[in-house]
Amino acid sequence: MSDLLLPPELRYAGIIEQRKNEDGSELSILNLGPTHPATHGIFQNILLMDGERIVDGEGTVGYIHRAFEKIAENRPFYQITPLTDRMNYCSAPINNMGWWMTLEKALNIEVPKRAQYLRVIVMELARIADHIICNSVLGVDTGALTGFLYVFQYREKIYEIYEEICGARLTTNMGRIGGFERDWSPLAFKKLDDFLAEFPAIWGEFENLLARNRIFMDRTIDVGPISAEKAMSYGFTGPNLRAAGVDYDIRVMQPYSSYEDFEFDIPVGKSGDTYDRFCVRNAEVWESLKIIRQALDKMPEGPYHANVPDYYLPPKDEVYHNMESLIYHFKIVMGEVPVPVTEVYHPVEGGNGELGFYLVTDGSRTPYRLHFRRPCFIYYQAFNDMVRGQMLSDAIATLSSLNVIAGELDA
Amino acid sequence: MALETSVIQNTLTDRFESKVSDFQQIHDILTFEVNSESIVEVMQFLRDDKTLRFNFLTDLCGMHFPDAAVERQLSVVYHMHNWYDNVRIRIKCFLHGEKPEIDTVTGLYLSSNWQERETYDFYGIIFKGHPQLKRILNMDEMVSFPMRKEFPLEDGGRTDKDDRFFGRTTDNC
Amino acid sequence: MSNSSKIITDAPAPEGFSGEGFFATKLDSVVGMARANSLWPLPFATSCCGIEFMATMASHYDVARFGSERMSFSPRQADMLLVMGTIAKKMAPILRQVYEQMAEPRWVISVGACACSGGIFDTYSVLQGIDKIIPVDVYVPGCPPRPEQILDGVMRLQDLVRSESVRRRSSPEYTELLASYNIK
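Residue numbers (the working numbering), protein chains in the order written: chain A, 1 to 411; chain B, 1001 to 1173; chain C, 2001 to 2184.
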């Protein structure tokens, strides 16, 4: 099987020479190149086509490899959060919170209830934002531009909420070890209430536009299916696995940050095709809205961060008057925080599945090894298997519904 | 009935004796070491045994310990997850620093295909029997293995950085 | 109620001499005005800045009102190349190929810190700025830049385009600029 090490173009050129169809036509190679309007991000797929049907394909990735894991070995713990933002950049707060929770596990820090509920709210908002992009761009790829323009306005509303909490729109770098850097202002809660009042009607309209639309259903039903066993073997997690019928969700399996206090369903599909993935993500948005409402209703009063002066910056006015605060401030900013020698693996339910952080510390100010278990990287391997025998436009729709985000793919 | 870590440890040591060793409970995950020659049979047992049922390979990554003894300088770390009893384990296999080779587990879990390629790309660990062991994230022409500790992080070609302002000397960067 | 005499609905006319039924100006100004108000972008979106570009393209910030109605993904039909996001060294030859395939006149906007200078990724695998391989006209800093900043970059480019001479692309300075990047 050594010819699998050849670049795919050469390997397919060899196959084309050997095989001729009965009507005299030949196979052809199509380069679904790194820059392509339909790929959301930079990854290449070289396809061997028989006319419009795909016979075989191979994906090449790494066109945006930014060496996150290597960078993380050289940065103090607070400086790694901007890196985590840029993995799944459509739902950056989930990555941030996952990283803080990993550190809190390693340092045995208990986060107060209020901070946990606030984290849940912002993670579910991020999940909604991620699914907005995925489903509306799936519409765009099948030709329905209206949904994208209509629903993207609500991503702007989510950005405004993020801005009120942490100051940034997209790459949020939100939170601290033990909680948040400041309590949420009343304006943030007001914006959140307005969002919760307006968005359900809009999402209902978006669903109506596409979910029972004859053309959309013809384009997406039985396109890129995958069976549950194969999906589990390929390491699928998240909405793609739930569309195949397996109800695995880390928020239920291994609840973190008080998810066990909330009641929500896990939507599950049947055949793992593109339509099921679309419907599962739609339903997950409804569930996320439910969780946010429950968290707002049950929001406890209390501190918004844990009492860990070794790791949490003291308020600035205390730094100017109080000796211990000055020392803590200095040590934290310089990165000299006491971290035990340990290893910890903490998964969170990202927009695409189980986002895991495997952290190995050696007592110094930077991690010894930080490995990100990135769901996109793991399930993108199955793409060529899923589209074998299908037509090219089906491959585009499948790729779109898998929600492959290049930042998470390559890290 | 939950799967206790003592059950996992005893079942494995009864079956594999000295090939598995060094059982530790680090936070909430049982961690143990497996001989690199026996990884495929241990993983197959973990997956197929009726009490253990570790049906999901969560993660596969490599690590480099330049300060360790040369037979244990590189390692591959596997995280497995039992969805029936909600138990996670971590398996470590230590490999020789100059000739790191281990069998592939692509026959057991399809998800390990690209993860092993990534580990090869970063550390140079050869997975014997892998159908397509070539570089995945870095450029194909690269000859060195960038995640090893001796490889520098930064691009060597920049001329506009003045290391004096960053406190960098030839010793510490 | 707004004062309608203050609302400007037409693009400002270039300098010229007008009279009864005619307007005389330089060809450069007319061509510049036409080009500036119909820049078709080639969105070369690689990472997070690409999502901010999607926000710019969407209805809230709407880059279409600046003339960029049609996103061209074919280099031949695009006027400006918007490089948004980190360019890794593996991607650099492809960026170069896309730039070379663009037809003159072509402009390049480098959006985001990663495209301008490598950004926070000072690593072995990231190209430290696209101006190492292609000439850039406008740099938009930010990580990611707000859509208003991206639009500001497009507007600065429009100023450049409006004031550009029709003969610039065949001038010896331009040929020398391309030669310094080894672009034929």
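C-beta: ideal position from N, C-alpha, C; glycine also.
Please name the residue, chosen from A:I132, A:L355, A:Q390, A:D385, that lies closest to I250 (chain A) on a Cα-to-Cα basis.
In the first sequence, counting from the first residue as 1, residue 250 (chain A) sits at position 250. Closest by alpha carbon: A:L355.
Take the Cβ of F1165 (chain B) as the centre, count every other Cβ of all protein chains shown within 10 Å, and call the residue buried at 16 or more, exposed below.
Mapped onto the second sequence, residue 1165 (chain B) falls at position 165. By the C-beta density criterion, F1165 (chain B) is exposed, having fewer than 16 other C-beta atoms within 10 angstroms.
Start and end of the beta strand (DSSP E) containing H329 (chain A)?
To locate residue 329 (chain A), count along the first sequence from 1; it is residue 329. No beta strand (DSSP E) contains H329 (chain A), which is instead part of the alpha helix (DSSP H) from 323-334.
Is the distance from the Cβ of R293 (chain A) to the Cβ of L196 (chain A) below 9 Å?
Here residue 293 (chain A) refers to the residue found at position 293 when the first sequence is read from its first residue. Here residue 196 (chain A) refers to the residue found at position 196 when the first sequence is read from its first residue. Contact flag set, yes.
Taking the alpha-carbon of R373 (chain A) as reference, which of A:G407, A:R365, A:G389, A:I29 has the nearest alpha-carbon?
Translated into the one-based positions of the first sequence, residue 373 (chain A) becomes position 373. Minimum Cα distance to R373 (chain A) is reached at A:G407.
By a C-beta neighbour count over all protein chains shown, 10 Å radius and 16 as the cutoff for buried, is H40 (chain A) buried or exposed?
For the purposes of this step, residue 40 (chain A) is taken as residue 40 along the first sequence, with counting starting at 1. In this structure H40 (chain A) is buried. Its beta-carbon is surrounded by 16 or more other beta-carbon atoms within 10 angstroms.
Please list the terminal residues of the continuous beta strand (DSSP E) segment that includes R53 (chain A).
Here the question's residue 53 (chain A) lines up with position 53 in the first sequence. In this chain, the beta strand (DSSP E) harbouring R53 (chain A) covers 53-60.
Apart from the five residues on each side of it in sequence, which residues of its chain come closer than 8 Å, Cβ to Cβ, to M2071 (chain C)?
Indexing the third sequence from 1 puts residue 2071 (chain C) at position 71. Once the five neighbours on either side are set aside, the close Cβ partners of M2071 (chain C) are W2040, P2041, L2042, P2043, M2057.
Between which two residues does the beta strand (DSSP E) harbouring Y150 (chain A) extend?
Stepping through the first sequence from its first residue, residue 150 (chain A) is reached at position 150. Segment 145-166 is the alpha helix (DSSP H) holding Y150 (chain A); no beta strand (DSSP E) there.
Could you give the first and the last residue of the continuous alpha helix (DSSP H) run that contains C2143 (chain C)?
Taking the third sequence and counting its residues from 1, the one referred to as residue 2143 (chain C) is at position 143. Premise fails: C2143 (chain C) is in no alpha helix (DSSP H) and is neither H nor E.
Give the straight-line distance between the Cα atoms of Y78 (chain A) and K105 (chain A), rounded to the nearest whole angstrom.
In the first sequence, the residue the question calls residue 78 (chain A) occupies position 78. In the first sequence, the residue the question calls residue 105 (chain A) occupies position 105. Looking at the two C-alpha atoms, the distance is approximately 15 Å.
At least one CB of chain C closer than 9 Å to the CB of H131 (chain A): is that the case?
The count along the first sequence starts at 1 and reaches residue 131 (chain A) at position 131. So, not an interface residue.
At a CB distance below 8 Å, what residues from the stretch 2146-2180 of chain C approach chain B? Give them in sequence order.
none
Taking only beta-carbon positions, decide if T2046 (chain C) is within less than 9 Å of chain B.
Against the third sequence, residue 2046 (chain C) aligns to sequence position 46. Interface residue (Cβ-Cβ distance to chain B less than 9 Å): T2046 (chain C) is not classified as such.
Between W2107 (chain C) and the rest of its own chain, which residues show a CB-CB distance below 8 Å, the 5 nearest in sequence each way excluded?
As a working note, residue 2107 (chain C) is residue 107 in the third sequence. Taken in chain order, the residues that qualify are L2039, D2079, M2080, L2081, D2137, V2138, L2157, L2160, V2161.
So, at 7 Å on beta carbons, what are the nonlocal neighbours of C90 (chain A) in its own chain, with the 5 sequence-adjacent residues on each side left out?
To locate residue 90 (chain A), count along the first sequence from 1; it is residue 90. Residues of the same chain with a CB within less than 7 Å of the CB of C90 (chain A), apart from the 5 flanking positions on each side, are A129, D130, I133, G351, I405 in chain order.
Counting only Cβ-Cβ distances shorter than 7 Å, please list the residues of the stretch 1127-1146 of chain B near chain C, keeping chain order.
N1138, M1139, P1146
Going by Cα to Cα distance, which pick from B:E1098, B:L1012, B:S1144 is closest to T1051 (chain B)?
As a working note, residue 1051 (chain B) is residue 51 in the second sequence. The candidate whose alpha carbon is nearest that of T1051 (chain B) is B:L1012.
Just the chain C side, please: which residues come within less than 9 Å of D1155 (chain B) by C-beta, in chain order?
Stepping through the second sequence from its first residue, residue 1155 (chain B) is reached at position 155. K2089, G2118, D2122, T2123, Y2124, S2125, V2126, L2127, Q2128, listed in chain order.
Quick one: list the residues of chain C neighbouring A67 (chain A), beta-carbon separation under 8 Å, in chain order.
Counting from 1 along the first sequence, the entry for residue 67 (chain A) is found at position 67. Here the neighbours are F2121, T2123, Y2124, S2125, V2126.
Label I1026 (chain B) either buried or exposed according to how many other C-beta atoms from any shown protein chain fall within 10 Å of its C-beta, with 16 as the threshold for buried.
Your numbering for residue 1026 (chain B) matches position 26 in the second sequence. By the Cβ neighbour-count rule, I1026 (chain B) is exposed, with fewer than 16 other Cβ atoms within 10 Å of its own.
Determine whether the Cβ of I42 (chain A) lies closer than 9 Å to any Cβ atom of chain C.
For this step, residue 42 (chain A) is matched to residue 42 along the first sequence. Yes, contact with chain C.
With a threshold of 9 Å between beta-carbons, can V1077 (chain B) be considered close to chain A, or not?
Position 77 of the second sequence, counting from 1, holds the residue named residue 1077 (chain B). Answer yes: the Cβ-Cβ gap between V1077 (chain B) and chain A drops below 9 Å somewhere.
Please check if any C-beta of chain C sits within less than 9 Å of the C-beta of F152 (chain A).
Position 152 of the first sequence holds residue 152 (chain A). For F152 (chain A), the answer is yes, since a Cβ of chain C falls inside 9 Å of its Cβ.
Short check: CB of R2169 (chain C) to CB of P2105 (chain C), under 9 Å?
On the third sequence, residue 2169 (chain C) is found 169 positions in, with the first residue counted as 1. On the third sequence, residue 2105 (chain C) is found 105 positions in, with the first residue counted as 1. Their beta carbons are under 9 Å apart, which means R2169 (chain C) touches P2105 (chain C) by this criterion.
Would C134 (chain A) pass as an interface residue toward chain C - the criterion being a Cβ-Cβ separation below 9 Å?
Against the first sequence, residue 134 (chain A) aligns to sequence position 134. Judged by the 9 Å Cβ criterion, C134 (chain A) is not in contact with chain C.
From the DSSP output, which residues share a beta bridge with N31 (chain A)?
The residue given as residue 31 (chain A) occupies position 31 in the first sequence. According to DSSP, N31 (chain A) bridges with A:I46.
Counting only beta-carbon atoms, is A2078 (chain C) nearer than 9 Å to chain A?
One-based indexing of the third sequence puts residue 2078 (chain C) at position 78. Chain A, which has no Cβ nearer than 9 Å to the Cβ of A2078 (chain C), makes this no.
Measuring alpha carbon to alpha carbon, tell me which of B:N1055, B:V1042, B:D1140, B:F1065 ends up nearest V1087 (chain B).
Walking along the second sequence from the start, residue 1087 (chain B) turns up at place 87. It is B:N1055 whose Cα lies nearest to the Cα of V1087 (chain B).
Grab the span of the beta strand (DSSP E) containing A92 (chain A) for me, first residue to last.
Here the question's residue 92 (chain A) lines up with position 92 in the first sequence. From DSSP, A92 (chain A) is part of no beta strand (DSSP E) but of the alpha helix (DSSP H) over 92-107.
Please list the terminal residues of the continuous beta strand (DSSP E) segment that includes R1090 (chain B).
Within the second sequence, the letter at position 90 stands for residue 1090 (chain B). 1087-1095 is the extent of the beta strand (DSSP E) around R1090 (chain B).
Anything in chain C within Cβ reach of I1158 (chain B), meaning under 7 Å, just list it in chain order.
In the second sequence, counting from the first residue as 1, residue 1158 (chain B) sits at position 158. Reading the sequence as shown, one finds Arg at residue 1158 (chain B) and not Ile. Simply Q2128.
Please state if the CB of T2175 (chain C) and the CB of R412 (chain A) are separated by a distance shorter than 9 Å.
Residue 412 (chain A) lies beyond the range of chain A shown here (1 to 411); nothing can be said about it.
Give me the Cβ distance between Y1123 (chain B) and R1148 (chain B), rounded to the nearest whole Å; I'm assuming they're in contact under 8 Å.
Counted from its first residue, the second sequence places residue 1123 (chain B) at position 123. Counted from its first residue, the second sequence places residue 1148 (chain B) at position 148. With a Cβ gap of about 6 Å, Y1123 (chain B) and R1148 (chain B) count as contacting.
Using a Cβ cut-off of 9 Å (strictly closer), state whether F1151 (chain B) contacts chain C.
Taking the first residue of the second sequence as 1, we reach residue 1151 (chain B) at position 151. F1151 (chain B) counts as touching chain C.
In chain B, what lies closer than 7 Å to V344 (chain A) by C-beta?
Numbered from its first residue, the first sequence carries residue 344 (chain A) at position 344. Per Cβ cutoff of 7 Å: H1027.
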